[in-house]
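Chains A and B are the protein sequences, given in the same order. Per the numbering used here: the first sequence = residues 2 to 273. Per the numbering used here: the second sequence = residues 1250 to 1607. We treat Cβ as the ideally placed atom computed from N, Cα and C, and that holds for glycine. These figures come from a predicted structure and were not determined experimentally.
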Amino acid sequence: MLDASEGYTTEDGRKIGGVVMEMKNITLRFGGVVAIKDISFDIREGEIRAIIGPNGAGKSSMLNVISGFYNPQDGQVFYKGALRPQMKPYQVARQGIARTFQNIALFDGMSVLDNIMTGRIRQMDAGIFAQAIWKGKAEREEVENRETVEKIIDFLEIQHIRKTPVGRLPYGLKKRVELARALAAEPSILLLDEPMAGMNVEEKEDMSRFILDVNDEFGTTIALIEHDMGVVMDLSDRVVVMDYGKKIGDGTPDEVRNNQAVIDAYLGVAHD
Amino acid sequence: MFYREAGDFKTSYVEDGQTFPIKFDRYRYYAVLIAAFAVVPFIINDYWVNAVFLPFLIYSIAAIGLNILVGYCGQVSLGTGGFMAVGAYACYKLMTAFPEVNIFFHVICAGGITAGVCVLFGLPSLRIKGFYLAVATLAAQFFLVWMFNRVSWFYNYSASGQINAPERTVFGTAVTGAETAPWAAYLFCLVFTVACAILARNLTRGMAGRKWMAIRDMDIAAEIIGVNPLRAKLSAFGISGFFVGIAGALFFAVYLGAVEVGEAFGITKSFLVLFMVIIGGLGSIFGSFAGAAFLVLLPVLLKNLLVGTLGWPTDLAAHLEFMIVGGLIVIFLIAEPHGLAQLWRVAKEKLRLWPFPH
């Protein structure tokens, strides 16, 4: 395996840094059901890390552990070299871990702009009194963060729907707005839970391009779950494969593709 | 035609984020403010102030307060009457305990005290939601009214159990008590209403408002992107309570002058303010005004029409009034479930193009 402190260079010349997050022997149980069984893997700075597996393999649970929504019964999470204590999801978010959801979780009653601005919560901390009189820090903060948000809006090509309530948007655009909201947080790790689910080929291509661009332009570390194998193999630098809560493979797309356990999990094996 | 947006370009984010981004809207807003401050005080009499302006202004503040909680943060509350009572009694205790302090500060402090009480009764919202929370806030309503009835310290051990607003002045002019001039009472309330509306608007267009709306629309997602649900919900309760408390204090001190808690701040008051918010439009400051205007002005208008113009007997008119107001509420809610504010938005959209169809 690779050394934790050093990075490597990918085939297309991107520099991948050291380990930013490490999961060590994670076990998650719901009553008698074991969703994740003793899994360890790491995420390196600047890479696109995919988690794949058949339905019910525990991928989403894994993402929920990373984002602090579930607390595992066993194992440790190391973030930026330090052991992460048990914390609430909003505290994890404020450490710089942003995510999108499998079934879009936007705020339907708010405009696209407000939705994305909400993502800036980590950067905006004017007190409630300053906000009430709308002077000084509150106003300055609003303008500064609006500038950043406009850059993201530009980047994801959603300028025309800036002031539209999110509830009125079609599915593909909603997915893009959700990505924008997560990006607005300037996260050190971006978690994407099935970013292409329910999309047609063209939308998938758009989304893939955005994911690669985000990674390329901002150097954002991305961990994603995806069912479309073509997409996963094309996008990701390294892949973790899960099945029934266990890790059955970990490595570059090519290594994983030729891993017998992975092939068995996906295609099934004859039990004799 | 009426809405000239063409050529009204924004060149900075400050301009784009202002409350009235369209010039025409902005000028109309200034015109309304000037009329309210410089024209109305000179032409109103006792009847107009007591029947129309004071209730409208005071209920507007209460509706803004409740709208922040229900419309923006999605936490249903049926305790508004009780919280208004807290404002009223806090104001009364402060007025009698510190007679040398200006009543202006008493009203603000009453708002602050109500905010504290509101946060306390908002604690269950961390565990329960929706209708169940509404029932939990109902407990606040009954408990607070009971407390102000039973604990005689709150009404300074007066024999009648009532509280009476002593005369207090601002800049040498009486604003409470029997000697108050109509225009003084009106202006005193107007200042509070305008200030509350501006504060509420600023809060709801900034990060605080976004946090509340995030909690309203999807609380789990809000938490995952970094909203602390505890602080967001309790701050909504607190700020809502602040406005409702100010409304209660003004309702007692300026409008009624004397209050018996069960009568003035009963459960009907909670429902009345909630209806204002629903009819006016959830999640809209303008809607709070529209809802208050609808429920305060319509009965007055109908009464004048039926008794004054048509000459019907008063009791018959009173019954009809209930039926007509009730009917109109139903019709309005069927026509536009998002309230008068939404109706207004749609009308503005149409006016932008009128008289052309596209």
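- prompt: residue 120 of chain A versus chain B: which residues are under 7 Å apart at the beta carbon?
  reply: On the first sequence, residue 120 of chain A is found 119 positions in, with the first residue counted as 1. Proximity of chain B to residue 120 of chain A at the Cβ level (cut-off 7 Å) is accounted for by 1474, in chain order.
task: Mind checking the stretch 1344-1357 of chain B against chain A and listing, in chain order, the residues whose C-beta falls within less than 8 Å of any C-beta there?
output: Those would be none; no residue qualifies.
query: Name the chain B residues that come within less than 8 Å of residue 110 of chain A, Cβ to Cβ?
result: For the purposes of this step, residue 110 of chain A is identified with residue 109 of the first sequence, where counting begins at 1. Neighbours of residue 110 of chain A on chain B, chain order: 1462, 1465, 1466 and 1532.
message: List, from N- to C-terminal side, the alpha helix (DSSP H) runs of 4 residues or more that fit wholly inside the stretch 181-258 of chain A.
response: Those alpha helix (DSSP H) runs which fall completely within the stretch 181-258 of chain A and span 4+ residues are 202-219, 230-236 and 254-258.
- prompt: Residues of chain B with CB under 9 Å from residue 68 of chain A, in chain order?
  reply: Residue 68 of chain A sits at position 67 when you count from the first residue of the first sequence. Simply 1473.
Cβ distance (whole Å) where residue 121 of chain A is taken to contact residue 185 of chain A below 8 Å: Residue 121 of chain A sits at position 120 when you count from the first residue of the first sequence. Residue 185 of chain A sits at position 184 when you count from the first residue of the first sequence. At roughly 5 Å, the Cβ-Cβ gap stays under 8 Å, so residue 121 of chain A and residue 185 of chain A are in contact.
- prompt: When you check each C-beta in the stretch 1254-1275 of chain B against every C-beta of chain A, which residues fall closer than 9 Å?
  reply: If you check each beta-carbon in the stretch 1254-1275 of chain B against every beta-carbon of chain A, the ones closer than 9 Å belong to 1261, 1262, 1263, 1265 and 1266.
field: Other residues of its chain near residue 3 of chain A: CB distance less than 7 Å, five sequence neighbours each side excluded
entry: One-based indexing of the first sequence puts residue 3 of chain A at position 2. Because the pLDDT at residue 3 of chain A is just 46, under 50, the model does not fix this residue reliably, and the point stays unresolved.
- request: Mind reading off the beta-carbon distance from residue 1498 of chain B to residue 1356 of chain B? Whole number of angstroms is fine, and I expect it under 8 Å.
  value: As a working note, residue 1498 of chain B is residue 249 in the second sequence. As a working note, residue 1356 of chain B is residue 107 in the second sequence. Your pair residue 1498 of chain B and residue 1356 of chain B checks out as a contact, with CB atoms roughly 5 Å apart and the cut at 8 Å.
field: Which listed residue (A:216, A:234 and A:106) has its alpha carbon closest to that of residue 16 of chain A
entry: Along the first sequence, one-based indexing puts residue 16 of chain A at 15. The shortest CA-to-CA distance from residue 16 of chain A to any of A:216, A:234 and A:106 is the one to A:216.
- prompt: Are three or more beta carbon pairs between the stretch 1499-1513 of chain B and the stretch 1298-1314 of chain B nearer than 8 Å?
  reply: Touching, per the Cβ criterion.
message: Check whether chain A comes within 9 Å of residue 1469 of chain B, counting only Cβ atoms and requiring the distance to be less than that.
response: Taking the first residue of the second sequence as position 1, residue 1469 of chain B is located at position 220. Using a Cβ-Cβ cut-off of 9 Å, residue 1469 of chain B counts as an interface residue toward chain A, since at least one Cβ of chain A sits closer than that to its own.
- prompt: In or out: residue 1261 of chain B buried (at least 16 other Cβ within 10 Å) or exposed?
  reply: Counting from 1 along the second sequence, the entry for residue 1261 of chain B is found at position 12. Label assigned to residue 1261 of chain B: exposed.
field: Helix, strand or coil at residue 1250 of chain B according to DSSP, with G and I counted as helix
entry: Taking the second sequence and counting its residues from 1, the one referred to as residue 1250 of chain B is at position 1. With a pLDDT of 49 at residue 1250 of chain B, under the threshold of 50, the predicted position of this residue should be treated as unreliable, though the coordinate-derived value follows. Residue 1250 of chain B: coil per DSSP, three-state reduction.
task: For my contact list, residue 1413 of chain B and residue 1507 of chain B are in at a C-beta cut-off of 8 Å; report their separation, rounded to the angstrom.
output: If you number the second sequence from 1, residue 1413 of chain B lands on position 164. If you number the second sequence from 1, residue 1507 of chain B lands on position 258. Sure, about 5 Å apart at Cβ, within 8 Å.
field: Three-state secondary structure assigned by DSSP to residue 1586 of chain B
entry: Counting from one through the second sequence, the residue named residue 1586 of chain B turns up at place 337. Three-state DSSP puts residue 1586 of chain B in coil, outside helix and strand.
- prompt: Hey, residue 1319 of chain B and residue 1363 of chain B: beta-carbon distance below 9 Å or not?
  reply: Position 70 of the second sequence, counted from the first residue, corresponds to residue 1319 of chain B. Position 114 of the second sequence, counted from the first residue, corresponds to residue 1363 of chain B. No, the pair does not count as a contact, with Cβ atoms beyond the cut-off.
task: Evaluate residue 75 of chain A with the Cβ neighbour count: other Cβ atoms within 10 Å of its Cβ, from every protein chain shown; 16 or more gives buried, anything less gives exposed.
output: The count along the first sequence starts at 1 and reaches residue 75 of chain A at position 74. Looking at its Cβ environment, which holds fewer than 16 other Cβ atoms inside 10 Å, residue 75 of chain A is exposed.
query: Apart from the five residues just before and just after residue 262 of chain A, which ones in its own chain have a Cβ nearer than 7 Å to its Cβ?
result: The residue labelled residue 262 of chain A in the question sits at position 261 within the first sequence. Excluding sequence positions up to five before and after residue 262 of chain A, its CB lies within less than 7 Å of the CB of 249 and 250, all in the same chain and listed in chain order.
query: Alpha carbon to alpha carbon, how far is residue 1250 of chain B from residue 1606 of chain B?
result: Start at 1 with the first residue of the second sequence, and residue 1250 of chain B comes out as number 1. Start at 1 with the first residue of the second sequence, and residue 1606 of chain B comes out as number 357. Residue confidence is low: residue 1250 of chain B scores 49 on pLDDT, short of 50, so the model does not pin down where it sits. Its coordinate-derived value is still stated next. The alpha-carbon atoms of residue 1250 of chain B and residue 1606 of chain B are separated by roughly 11 Å.
query: By the 10 Å Cβ neighbour count, where 16 or more other Cβ atoms means buried, how is residue 137 of chain A classified, buried or exposed?
result: Position 136 of the first sequence, counted from the first residue, corresponds to residue 137 of chain A. Exposed.
- request: Give a yes or no on whether 9 Å exceeds the smallest Cβ distance from residue 143 of chain A to chain B.
  value: Numbered from 1 along the first sequence, position 142 holds the residue referred to as residue 143 of chain A. So yes, residue 143 of chain A belongs to the interface.
message: Can you confirm whether the stretch 142-151 of chain A touches the stretch 189-206 of chain A when touching is taken to mean that 3 or more C-beta pairs between the two stretches lie within less than 8 Å?
response: The stretch 142-151 of chain A and the stretch 189-206 of chain A do not touch, with fewer than three beta-carbon pairs separated by less than 8 Å.
field: Selected residue, minimal CA-CA separation from residue 1566 of chain B, among B:1371, B:1581 and B:1548
entry: Walking along the second sequence from the start, residue 1566 of chain B turns up at place 317. Comparing alpha-carbon positions, the option among B:1371, B:1581 and B:1548 lying closest to residue 1566 of chain B turns out to be B:1548.
message: Counting only Cβ pairs nearer than 8 Å, list the residues of chain B close to residue 224 of chain A.
response: Locating residue 224 of chain A in the first sequence gives position 223, where the first residue counts as 1. Taking a Cβ-Cβ cut-off of 8 Å, residue 224 of chain A has no neighbours in chain B, whose nearest Cβ is about 15 Å from it.
task: Identify whether residue 1431 of chain B lies in helix, strand or coil by the three-state DSSP scheme.
output: If you number the second sequence from 1, residue 1431 of chain B lands on position 182. Reduced to three states, the DSSP call for residue 1431 of chain B is helix.
message: Please list the terminal residues of the continuous alpha helix (DSSP H) segment that includes residue 1400 of chain B.
response: As a position in the second sequence, residue 1400 of chain B is number 151, starting the count at 1. For residue 1400 of chain B, there is no enclosing alpha helix (DSSP H), as DSSP marks it with neither H nor E.
query: Is any beta-carbon of chain A found at less than 9 Å from that of residue 1250 of chain B?
result: Taking the second sequence and counting its residues from 1, one reaches residue 1250 of chain B at position 1. Only weak support exists for where residue 1250 of chain B lies, its pLDDT of 49 falling under 50; the value from the coordinates is given anyway. Residue 1250 of chain B does not count as touching chain A.
message: Using a 10 Å radius around the Cβ and a threshold of 16 neighbouring Cβ atoms, would you call residue 1603 of chain B buried or exposed?
response: Walking along the second sequence from the start, residue 1603 of chain B turns up at place 354. Counting Cβ neighbours within 10 Å, residue 1603 of chain B comes out exposed, since fewer than 16 surround it.
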